[in-house]
Each structure stands twice: as C-alpha cells, then as structure tokens.
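Notes for the one structure printed next.
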Amino acid sequence: MDIRTQIPNPAPTIRPPASRPLTWVGVALATVALAAAGVWLVAPDAGPFAEGGTPLEQLLGGPAPFASSAAGAILALAGVLALAAGLASLAGWRSLDRAAPAFALIASLAVALGLVGFDGIVIAGYTLATLVPIGVVVVIALLARRRPLAAVALAVPVVAVVVLAVTGVFPIGMFYARFTESVLDDPVRFVGALGLTVFAGVWMGWAATSTAAALPRMGAFVQRHRVVITVFAALCPAPYVVARLTWLTPWPLFGGDLEAFAEHPDMFVTGLLLGAAMLLGAVLTLGLVLPWGERAPRWVPGIGGQPVPIALAVVPALSVAVLFTAGGVQELGLIVSGQLHGASALVLPFWAWGPLLALATWGYARKRMAEVR
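Sequential numbering from 1 applies to the sequence shown in the UniProt record's numbering.
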C-alpha cells in the first residue's frame with residue numbers, strides 16, 4: 001500500500017475575494033479617476049494641482065515643473081492598476097488573480113502618498129468641523145423621542161452656543177461663511193481631495209480584504225488585542241484636543257493668542273471646532289470596540305438595535321486610516337526637511353493614528369465576519 005494514500009492532502013490556501021459590491025464601487029472610482037487623469041493631462045490648468053502642491057513635490061523640497069501633468073500621470077497609473085484589479089476579480093481572470101491585490105495596493109498608495117497627503121487631512125478636518133454642530137442637532141432630535149432627558153442635557157450647551165453666536169462672542173456663522181468661501185474659491189481641489197481619499201480607502205480596503213487570509217497569525221493577534229490597539233488609536237488626538245481646550249483658559253497653547261482671539265474671533269471658533277472634530281474622531285474610533293459600533297443604538301428610528309453593516313464601518317474607517325497614514329508620512333518628511341516644527345509630530349500624531357486605526361479596523365472586521373459565519 002502506498003503510504004502517500006494515507007496522508008490527506010493539505011487544504012489549499014484560498015484567497016477570499018473582496019465583496020462584489022466593493023469591487024464595483026472600486027471599478028467605478030477607477031473609471032472616474034482615469035477620466036479625471038485624462039482631463040488633467042490634456043488640460044493641466046483644469047486639475048487641482050495646476051499650481052503644484054502635491055505631497056510628492058513637497059517632500060522633494062519645492063515646486064516641480066509640470067506638476068499638474070505629473071499628478072495626472074500618477075492618477076492615470078493608479079486608475080489603470082485599480083481597474084485591472086477590479087475587472088480581473090469580476091471576470092475571474094486567473095492570470096491576474098494573484099497580482100490583483102498588489103495592483104490595488106500600489107494604486108491606493110500612489111494616490112494617498114503622491115496626491116493626497118496632509119492636504120487631505122486639512123480638508124477632511126475642516127469638513128468634519130462643519131458637520132459637528134449639525135450632527136449634534138440631529139442627535140438631539142433623534143434622542144428627543146426615546147431619551148428626552150439626554151436630549152435636554154445635550155441641548156443646553158447648544159443653546160449656549162447659539163446665544164454666544166447671536167451676541168458675537170462665538171461667531172460660528174463666520175466660520176461657515178469662510179469655509180464656504182474657501183470651497184467655492186477652489187472647488188476642484190476640495191472635491192478632488194475628498195474623491196482621491198475615497199479612492200485610496202476603497203482600494204486599500206479591497207487589497208486588505210483580498211490578502212487578509214495570507215496573514216492568519218497576524219490577523220489573529222490583531223483581533224485578540226484589538227481593544228488595546230483601538231484605545232491607543234483613540235488616544236492619538238488627545239494632545240490636539242487638550243491643546244484646543246486650553247483656548248478656553250487664559251493660557252492658550254498651540255497657536256492660541258488672546259489678543260489674536262479678540263481681534264479675530266473667527267480664529268477662536270475655528271480652533272475649537274477643529275478640536276471638536278478631532279474629539280469626534282476619537283469617539284468614532286472607539287466605536288470599533290463599543291456596542292454601538294456593532295449594533296445601532298435603539299433610539300435611532302428605523303434601524304435601532306439592528307447590526308451595523310460591516311462595510312459601513314470598515315470602508316470609512318480604512319479610508320481615514322489611509323488618509324492619516326499618508327498625511328503622517330508627509331508630516332514626518334516635512335519635519336525632517338525643516339519645513340515643519342517637530343512638535344507637530346506629537347500634537348498631531350497622524351503617523352501613529354493612521355496605522356493604529358488600520359489595525360483596529362482589521363480587528364473589528366475579523367470579529368464581525370467571524371460572527372456572521
């Protein structure tokens with residue numbers, strides 16, 4: 001008897017493909033990216049980098065010739081690679097099956113590191129800051145029906161802010177006016193930064209989904225320690241939040257100045273809203289390990305108590321993780337080159353928050369997917 005017949009063949013390692021909906025979204029984004037790259041290459045002045053400003057050239061030490069064309073070329077390459085990965089997955093092209101995750105990873109990193117960088121963090125931060133007050137009002141309205149006491153408690157500071165805004169002490173309306181003006185001054189760059197961030201996040205998520213099974217031990221380690229990892233990630237914005245809170249005292253830190261506040265109250269409002277946005281980022285990060293990150297709170301009409309779709313949490317979290325990591329890389333490069341003060345790496349530790357958030361998201365996804373199986 002052949003002894004080989006007594007030894008079972010080891011199960012082959014199967015790479016689980018990314019979900020088809022995510023693949024279709026990625027293909028759509030890659031198509032748009034290719035179209036935008038074509039426009040930027042043919043008409044460089046129509047692109048968001050007509051005057052330079054890409055992270056790549058900043059890291060190289062200054063404006064580079066043909067900056068917009070270079071940005072268009074980077075985006076075109078990323079679009080081609082991403083489209084090849086997506087179509088290979090949808091069509092089942094085995095010849096590209098193994099290379100597809102690498103294509104997706106390269107496309108994501110090229111866009112994040114070469115085109116988005118810290119500029120994306122600034123735009124995302126200001127956008128989130130504009131949404132914080134609106135979000136608080138929406139939460140109060142939702143709480144009013146089932147948690148009236150909580151709604152009233154949350155409404156008190158909101159009413160105080162409204163009174164201060166009317167009296168001119170806290171001119172929040174000026175912040176919205178200036179934000180709107182800045183967006184209208186360069187809408188292509190604003191929309192482009194947000195779109196590029198989503199592109200990088202979706203394709204990084206696609207690559208991660210497609211290669212997660214190749215790192216079972218690391219994945220198990222991350223899942224086992226995901227609470228600790230998530231807490232450390234949520235603590236990353238603490239220095240910035242504390243620095244902004246000092247603006248409420250006579251000893252403001254990190255760019256705060258009482259005389260400047262008196263002369264430009266909108267500066268005071270902007271700093272506090274950005275601090276609130278960072279605090280919200282920390283809370284949302286903790287959602288990866290808290291119950292409401294897995295099931296919608298019961299006071300939310302229609303979906304209360306239902307499981308949160310995994311993709312609804314993972315894709316935005318991973319998009320932000322890619323954005324923070326890319327911005328953190330540029331931040332460290334600017335510090336090394338002397339273009340940015342070293343304290344920024346401690347007050348704004350995106351270089352740590354991005355990778356930690358990515359790991360926390362990985363742990364969250366593994367746990368949720370294990371429960372679904």
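Ideal Cβ positions, reconstructed from N, Cα and C, are used throughout, including at glycine.
Burial state of residue 189 (16 or more Cβ within 10 Å): Under this definition residue 189 is a buried residue.
Near residue 101, what residues of its chain come up, given a Cβ to Cβ distance below 6 Å and the 5 sequence neighbours on each side ignored? Once the five neighbours on either side are set aside, the close Cβ partners of residue 101 are 207, 210 and 211.
Closer than 7 Å by C-beta to residue 17: which residues in its own chain qualify, once you throw out the five before and the five after it? Chain order, please. Confidence at residue 17 is low in this model, with a pLDDT of 46, below 50, so its placement is unreliable and the value that follows should be read with caution. The residues are 89 and 210.
Given that a residue counts as buried once 16 or more other Cβ atoms are within 10 Å of its Cβ, and exposed if not, what is residue 249? Label assigned to residue 249: exposed.
When the Cα atoms are used, what is the spatial distance from residue 111 to residue 289? Across the structure, residue 111 and residue 289 are spaced so that their CA atoms are roughly 29 Å apart.
Would you mind stating whether residue 36 and residue 47 have Cβ atoms separated by less than 9 Å? Yes, Cβ-Cβ distance for residue 36 and residue 47 is below 9 Å.
Counting only the same chain and skipping the five closest in sequence on each side, list residues whose C-beta sits under 8 Å from that of residue 144. Taken in chain order, the residues that qualify are 151.
Bounding residues of the alpha helix (DSSP H) (the contiguous stretch that carries residue 330): Residues 310 to 336.
Where residue 295 falls: helix, strand or coil (DSSP): Correct three-state label for residue 295: strand.
Report the residue from 166, 165, 139 and 163 whose alpha carbon sits nearest the alpha carbon of residue 153. Closest option to residue 153, Cα to Cα, is 139.
Return helix, strand or coil for residue 307, following the three-state DSSP convention. In the structure shown, residue 307 falls within a strand segment according to DSSP collapsed to helix, strand and coil.
Look at the Cβ atom of residue 277, then the Cβ atom of residue 105, and state whether they are nearer than 9 Å. Against a cut-off of 9 Å, the Cβ pair of residue 105 and residue 277 comes out as no contact.
Under 8 Å Cβ to Cβ from residue 171, same chain only, skipping five residues before and after it: list those, please. The answer, listed in chain order, is 165, 265, 266 and 269.
Alpha carbon to alpha carbon, how far is residue 284 from residue 243? Distance between the alpha carbons of residue 284 and residue 243: 20 Å.
Contact set for residue 369: own chain, Cβ-Cβ below 8 Å, skip 5 residues either direction: Excluding residues within five positions, the ones whose Cβ falls inside 8 Å are 310.
Distance check for residue 92 and residue 98, CA to CA, integer angstroms please. Using only the alpha carbons, I get a separation of about 11 Å.
Determine the burial state of residue 4: buried for a count of at least 16 other Cβ atoms within 10 Å of its Cβ, exposed for fewer. Unreliable placement is indicated for residue 4, whose pLDDT of 39 sits below 50; the coordinate value is still reported in the next sentence. Around the Cβ of residue 4, a 10 Å sphere holds fewer than 16 other Cβ atoms; the residue is exposed.
Helix, strand or coil at residue 366 [DSSP, three-state]: Of the three classes helix, strand and coil, the one that applies to residue 366 here is helix, per DSSP.
Less than 8 Å separating the Cβ of residue 315 from some heavy atom of the ligand FMN? Annotation note on the ligand FMN: not contained in the displayed structure, which lists no ligands.
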